[in-house]
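For any residue, its number in my numbering is found by taking its place in the sequence shown, counting from 1, and adding 857.
Just so it is clear, CB atoms sit at the ideal spot from N, CA and C, and this is done for glycine as well.
Please read these numbers as outputs of a predicted model, since none were measured by experiment.
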Amino acid sequence: MGSLKDKVAFVTGAGSGIGKAIALLYAKEGAKVVVSDINDAHGQSVVDEILASGGDAIYVKANTAVPEEVEALVAKAVEHYGRLDIACNNAGIGGALAPAAEQSIEDWKTIIDINLNGVFYGCKYATAQMLKNGGGAIVNVGSIHSVTAVPGSVGYAAAKHGVLGLTRNFGVEYAAQNIRVNAIGPGYIDTPLLNSLDRDTYNALVTKHPVGRLGNAEEVANLVLFLSLDSTSFINGGYYTIDGGYTAV
Ligand SMILES: NC(=O)c1ccc[n+]([C@@H]2O[C@H](COP(=O)([O-])OP(=O)(O)OC[C@H]3O[C@@H](n4cnc5c(N)ncnc54)[C@H](O)[C@@H]3O)[C@@H](O)[C@H]2O)c1
858 MGSLKDKVAF VTGAGSGIGK AIALLYAKEG AKVVVSDIND AHGQSVVDEI
908 LASGGDAIYV KANTAVPEEV EALVAKAVEH YGRLDIACNN AGIGGALAPA
958 AEQSIEDWKT IIDINLNGVF YGCKYATAQM LKNGGGAIVN VGSIHSVTAV
1008 PGSVGYAAAK HGVLGLTRNF GVEYAAQNIR VNAIGPGYID TPLLNSLDRD
1058 TYNALVTKHP VGRLGNAEEV ANLVLFLSLD STSFINGGYY TIDGGYTAV
């Protein structure tokens, strides 16, 4: 408790799954949390949960695919809490499934807009503010598919590989100004994102994780918290898997 006391953080896609777990953990650790999502009811319910347990949070709607909305998200965080110390660019979608050559241009653009461009906008506007308030920590939610293919979802793989590239660039370019930027690579995590999978597909995914199960959002939140702490000050430009052994095979 209290490892993020006095810190101000935003989390995108914080109304569900991994983002929700991150927002709740940040708040439990004493951060003032800007909970952001496109689903108002889900985002507000996370804020209500934080307030009910004695934490401090506000909800700000922002579609991360729209740069002006991400810029406004950072502005509202600063307007309300005066600074920005931590940014977690988590919002993402699974996207449409199709063989790579049959993927529609529209579906390709949609997933690149949310899963890649949105992370760039989050880094861009968070960095601009962190430069004004003496530094900060940014954690981008990549995937094991930041380093591996995902048959049937070329856009997802391309976007998540891109997240790793921009993470390294931001980390390198702003390290001297006390801004750390890292990415995480979760294996398959039991969240609503996987709701559309049938039982056979779900079980086939489980077999790819040597640990014999999928991960849970709270496990991922623990890694994100670790990378957000001042005490991890020498970790920058890195990529950390949390995948039950998936990519070690
Ligand atoms: N679940 C997994 O297996 C898994 C594995 C690796 C990485 N990830 C990544 O973790 C992140 C979170 O996934 P999750 O499993 O918690 O999914 P989820 O569907 O449970 O939650 C995603 C949240 O993001 C919000 N969102 C969607 N599009 C948005 C947009 N354009 N702007 C703002 N918010 C938006 C949704 O409303 C939702 O609340 C994603 O980036 C995903 O790619 C998930």
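Checklist entry - What residue ranges within the stretch 935-1007 form continuous alpha helix (DSSP H) runs of no fewer than 4 residues, ordered along the chain? => result 962-969, 975-989
Checklist entry - Does the Cβ-Cβ distance between P1043 and S873 come in under 7 Å? => result no
Checklist entry - How close, in whole Å, do the beta carbons of L1084 and I1092 come, if the pair is a contact with beta carbons under 8 Å? => result 6 Å
Checklist entry - So is the beta-carbon of V931 under 6 Å away from any non-hydrogen atom of ligand 1? => result The answer is no for V931.
Next on the checklist: For the stretch 961-968 against the stretch 1060-1070, do three or more pairs of beta-carbon atoms, one drawn from each stretch, fall closer than 8 Å, so that the two count as touching?
Outcome noted: no
Next on the checklist: So for I1092, helix, strand or coil by DSSP?
Outcome noted: Annotated three-state conformation of I1092 is coil, per DSSP.
Next on the checklist: Is G896 close to ligand 1? I mean its beta-carbon at under 6 Å from any heavy atom of the ligand.
Outcome noted: In the sequence under discussion, the amino acid at residue 896 is Asn, which differs from the Gly named in the question. Yes, the Cβ of N896 comes within 6 Å of a heavy atom of ligand 1.
Checklist entry - Taking 6 Å as the cut-off, does the CB of Y1096 come closer than this to any heavy atom belonging to ligand 1? => result No, since every heavy atom of ligand 1 falls outside the 6 Å radius drawn around the Cβ of Y1096.
Checklist entry - Rounded to a whole number of angstroms, what is the C-alpha to C-alpha distance between V890 and E926? => result For V890 and E926, the distance between alpha carbons rounds to 17 Å.
Next on the checklist: Please state the DSSP three-state secondary structure of K862.
Outcome noted: coil
Next on the checklist: Quick check on G900: does DSSP put it in helix, strand or coil?
Outcome noted: Residue state, collapsed to three classes: helix.
Checklist entry - Using CA coordinates, which residue listed in A1033, S1010, H1018, N1039 is at the minimum distance from T1024? => result N1039
Next on the checklist: So for I895, helix, strand or coil by DSSP?
Outcome noted: coil
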